[in-house]
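**Q**
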Amino acid sequence: MHRPLTVLARTAAACLLVALAISGSAVGKEPKRFELTIAERQLAEGGPTIKVEEGDEVKLVWRSDESANLHLHGYDIEFVVIPGNATVVDFSASTAGRFPITVHSFAGEHDHSDRPLVYIEVHPE
Amino acid sequence: MLYRRLCFTVPAALAAFSLSGGEAEAHAFGQRYDLPLPLIYYIVGAGGVVAMTFVIMAFFVREPAARRSGWPWAPWQGSSLVAKLGRWACGFLQAVSVLIFAVILFAGFFGDANPTRNFAPTFVWVIWWVGLVYVQALVGDLWALVNPWGALHRWTEALIAAGRGGRGLAPPWRYPGWLGHWPALVFFWAYAWLELVSDAAEHPSSLAWLIVGYSVFTWCGMTAFGRRVWLERAETFSVVFGFIARFGPLALAHPDRGSSDRAAGVGLRPFGVGLLVDRPLSLSAVAVVLLMLASVTFDGLAETPLWAGFLDWVVRSEELRAPLLKLQGAGVDLLALIRTLGLVVTPLVFAAAYALFIALTVAAAGETLPARHVAGAFVLTLVPIAFAYHLAHYFSFLLLAGQLIIPLLSDPFGFGWNLFGTANHTIDIGIVSMKTIWWVAVAAILLGHLYAVYLAHVMALRCFSDERTAVRSQIPLMLLMVGYTMVSLWILSQPIVETG
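Chains as they are written, first to last, in the numbering used here: chain U, 10 to 134; chain S, 55 to 554.
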């Protein structure tokens, strides 16, 4: 009667070890870094699609010749880029899918086209 | 598609043209974040489809039970308790439906003009138009019970009858037989156009006006020709949702169709059996079904790189340049024009392909069965493939965009209310994983194909004189079904390209 319990305990221990190993590797994971540059209201560097894997830490480094309000859909992250300084956007790619980053405004004026500047594709492992 | 009217990835050649029409305010409203079906799922799906077709052809054709039609099964028929419960449930659902109808109109006319902060567009386009398809196909004809136009008309008639001492209103005219389902066809095309081409119907106030217009038309039709016949033949949504509901396991009697003891008319049947018609559908009904299938496919097709490439070709073409520029100068929205043409051509291609394969079926059978009869008998067996594709295509959309209704329930008009404390709910994109979506898509496509092939076989056994003829007749239709399923699968494997 003890046998199933032993098996259960062993399995649990193994699971725990695996979980620890996975979480350990996740902590040590280097973020994936992408440089993106906006010039004349277009994406001049990076894109048009950025591919990462589910679970990746993503670091987007933005440079722009004009201030702009951007929106990463799905993850629903809104951020501002300004000329001169680089804007860093960090997020963890927890959900797979294809998510556009659109421009909400350039230099304070509303951009009606709402066109995607770049797509982030998060692929399942 | 109006949700996806978000952007147009502009190639350099497009600089001279602007194919995008109007402003796209509806950002984030009903957007899809799907990744295309990976190659391995596509191969497994496609192989499964072909294998399944042959397995069914080899093993299921000698099914004598196919000739019998013992469904639906209704052991509680005539029970007064069930009838009473059914009437209460029916009345309750109708009251809820009419309340929602009123909320939609009020939101449309007086609510916030931003579609994402207004109950009307999300409810109509996501919950009702996409969500109800699932209820219809997986449960039964709920729409026939809760149709607010029918319910309001019935109540008004009852009030008038009460005021006149029990004498109701008799319709002044007979519904002309030649009219068939043609009004439903015309309005369904117009509706598909609103959904897939125009962006008018995503703005709350124009949506409300369109609903008012259609309501007046429907009430006039029901009053002029009788509610029952109008709902059966001319009311687009009753006709379309009715065809879809034939797949469902609950056979519900229509409140206007059954006997006086209407609520007792509930029966059970296996999935899909309702698609096996006793009498072949009329030509107009066949046309409605084919338009349903074609519009669903066109919806997906217009997001593929193939379609984007076609638009690009149109724009780059030297011959078309001059007339297109002229049209654009005259204020024509070129993208809308091309999509409109697509919505005309796709159903015609479907109709031509169906007619061709029906002619082949008749020829293969070698029996003197009129082609019209065969076309009307088999058209509904294609519905499971269309439903499967719809499910694969919209499953994640419904789960993600459907969440928009949660904050809107608390604040339907954008007045800043918080009725149920859910006004600040944001969409949780992690509700379903991409792998689950892929598995559901492939499983749905395979199951839909299985149903279609099986139903077509049963139908062939019923239509043709002997098994040998039935099997022979099935070869063309099997080819059509494999082709149709493959097109669905292929669209799912294509990356979504938003145009518009």
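C-beta: ideal position from N, C-alpha, C; glycine also.
Below 8 Å CB to CB, which residues in the same chain sit around residue 41 of chain U once its five sequence neighbours on both sides are set aside?
**A** Once the five neighbours on either side are set aside, the close Cβ partners of residue 41 of chain U are 61, 65, 66, 67 and 68.
**Q** Determine the closest residue to residue 179 of chain S out of S:85, S:513 and S:401, with distance taken between C-alpha atoms.
**A** Looking at the Cα atoms, S:85 is the closest of the given residues.
**Q** Buried or exposed: where does residue 483 of chain S fall if 16 or more other Cβ atoms within 10 Å of its Cβ makes it buried?
**A** The residue is buried, with at least 16 neighbouring Cβ atoms inside 10 Å.
**Q** Take residue 340 of chain S as the anchor and find which of S:349, S:190, S:431 and S:279 has the nearest alpha-carbon.
**A** Comparing Cα-Cα distances from residue 340 of chain S to each of S:349, S:190, S:431 and S:279, the minimum goes to S:431.
**Q** Assuming contact is defined by CB atoms lying nearer than 9 Å, are residue 242 of chain S and residue 293 of chain S in contact in what I supplied?
**A** A contact, by the Cβ cut-off of 9 Å.
**Q** Using 8 Å for Cβ pairs, my map puts residue 348 of chain S next to residue 401 of chain S. What's the rounded Cβ distance?
**A** Yes, they are in contact, since the Cβ atoms of residue 348 of chain S and residue 401 of chain S sit about 4 Å apart, within 8 Å.
**Q** Determine the closest residue to residue 97 of chain S out of S:535, S:518, S:509 and S:492, with distance taken between C-alpha atoms.
**A** Comparing Cα-Cα distances from residue 97 of chain S to each of S:535, S:518, S:509 and S:492, the minimum goes to S:492.
**Q** Name the chain S residues whose beta carbon is nearer than 7 Å to that of residue 55 of chain U?
**A** Result: empty, since nearest Cβ-Cβ is about 16 Å, beyond 7 Å.
**Q** Here's the rule: buried if 16 or more other CB atoms are within 10 angstroms of the residue's CB, otherwise exposed. What is residue 118 of chain U?
**A** Flag for residue 118 of chain U reads exposed.
**Q** What in chain U is Cβ-close to residue 484 of chain S, meaning under 7 Å?
**A** Correct list: 103 and 104.
**Q** If we cut at 9 Å on Cβ distances, does residue 108 of chain U have a partner in chain S?
**A** Yes, because at least one Cβ of chain S sits closer than 9 Å to the Cβ of residue 108 of chain U.
**Q** Quick check on residue 71 of chain U: buried or exposed, where buried means 16 or more other Cβ atoms within 10 Å of its Cβ?
**A** With 16 or more Cβ atoms within 10 Å of its Cβ, residue 71 of chain U is classed as buried.
**Q** Going straight from the alpha carbon of residue 317 of chain S to that of residue 57 of chain U, what length do you get?
**A** Confidence at residue 317 of chain S is low in this model, with a pLDDT of 42, below 50, so its placement is unreliable and no value can be given for it.
**Q** Note down, in chain order, each residue of its chain lying with its Cβ closer than 6 Å to the Cβ of residue 80 of chain U, except the 5 sequence neighbours on either side.
**A** Around residue 80 of chain U: 87, 111 and 113.
**Q** As a quick exercise: from U:39, U:77, U:128 and U:89, pick the residue whose alpha carbon is nearest that of residue 49 of chain U.
**A** That would be U:77, whose Cα lies nearest to the Cα of residue 49 of chain U.
**Q** Keeping to the same chain, check which residues put their C-beta closer than 6 Å to that of residue 451 of chain S; ignore five residues upstream and five downstream.
**A** The answer, listed in chain order, is 86.
**Q** In chain S, which residues lie less than 8 Å from residue 64 of chain U when you measure between Cβ atoms?
**A** Going along chain S, no residue has its Cβ under 8 Å from residue 64 of chain U, so there is no contact; the nearest lies around 12 Å.
**Q** Taking the straight line between their C-alpha atoms, what separation do you get for residue 146 of chain S and residue 381 of chain S?
**A** Answer to the nearest angstrom: the Cα atoms are 52 Å apart.
**Q** Can you name the residues of chain S whose CB is closer than 9 Å to the CB of residue 85 of chain U?
**A** 82, 480, 481 and 483, listed in chain order.
**Q** Among residues of its own chain, excluding the 5 on either side of residue 549 of chain S, which ones have a beta-carbon nearer than 6 Å to its beta-carbon?
**A** Closer than 6 Å at the Cβ level, and outside the excluded window around residue 549 of chain S, lie 90.
**Q** Do the CB positions of residue 453 of chain S and residue 495 of chain S come within less than 9 Å of each other?
**A** No.
**Q** Under 9 Å between C-beta atoms, does residue 130 of chain U make it to chain S?
**A** Cβ-Cβ to chain S under 9 Å: yes for residue 130 of chain U.
**Q** Could you check whether the Cβ of residue 487 of chain S sits closer than 9 Å to any Cβ belonging to chain U?
**A** Yes, contact with chain U.
**Q** Taking the Cβ atom as the reference point for each residue, do residue 234 of chain S and residue 287 of chain S lie within a distance shorter than 9 Å?
**A** Closer than 9 Å, so yes.
**Q** Pop quiz: residue 389 of chain S and residue 302 of chain S are said to be a contact at Cβ under 8 Å. What is the actual Cβ separation, rounded to whole angstroms?
**A** At roughly 37 Å, the Cβ-Cβ gap does not stay under 8 Å, so residue 389 of chain S and residue 302 of chain S are not in contact.
**Q** Can you check the segment 119–195 of chain S for any alpha helix (DSSP H) of at least 4 residues that lies completely inside it and give the ranges in chain order?
**A** Listed in chain order, they are 134–164 and 186–192.
**Q** Counting C-beta neighbours from all protein chains within 10 Å, is the total for residue 415 of chain S 16 or more, i.e. buried, or is it exposed?
**A** By the 10 Å Cβ count, residue 415 of chain S comes out buried.
**Q** For residue 166 of chain S versus residue 456 of chain S, is the C-beta spacing smaller than 9 Å?
**A** No. Outside cutoff.
**Q** Roughly how many angstroms separate the alpha carbons of residue 377 of chain S and residue 386 of chain S, rounded to a whole number?
**A** Each residue's alpha carbon lies about 11 Å from the other.
**Q** Is DSSP giving residue 114 of chain U helix, strand or coil here?
**A** Of the three classes helix, strand and coil, the one that applies to residue 114 of chain U here is strand, per DSSP.
**Q** Of all Cβ atoms in chain S, is any one closer than 9 Å to the Cβ of residue 133 of chain U?
**A** Taking Cβ atoms only, chain S reaches closer than 9 Å to residue 133 of chain U, which makes this a yes.
**Q** How many Å lie between residue 204 of chain S and residue 488 of chain S at the Cα?
**A** Spanning the two alpha carbons is a distance of roughly 40 Å.
**Q** Check whether the segment 326–339 of chain S and the segment 214–221 of chain S are in contact - that is, three or more C-beta pairs closer than 8 Å.
**A** Contact between the segment 326–339 of chain S and the segment 214–221 of chain S is absent, because fewer than three Cβ pairs lie under 8 Å.
**Q** Mark residue 372 of chain S as exposed unless 16 or more other C-beta atoms lie within 10 angstroms of its C-beta, in which case mark it buried.
**A** The residue is exposed, with fewer than 16 neighbouring Cβ atoms inside 10 Å.
**Q** Could you please tell me which residues of the segment 86–100 of chain S, in chain order, have their CB closer than 8 Å to any CB of chain U?
**A** Cβ contacts with chain U: 87, 88 and 89.
**Q** Does residue 175 of chain S get closer than 9 Å to chain U when you measure Cβ to Cβ?
**A** No, residue 175 of chain S lies away from the interface with chain U (no Cβ there is under 9 Å from its Cβ).
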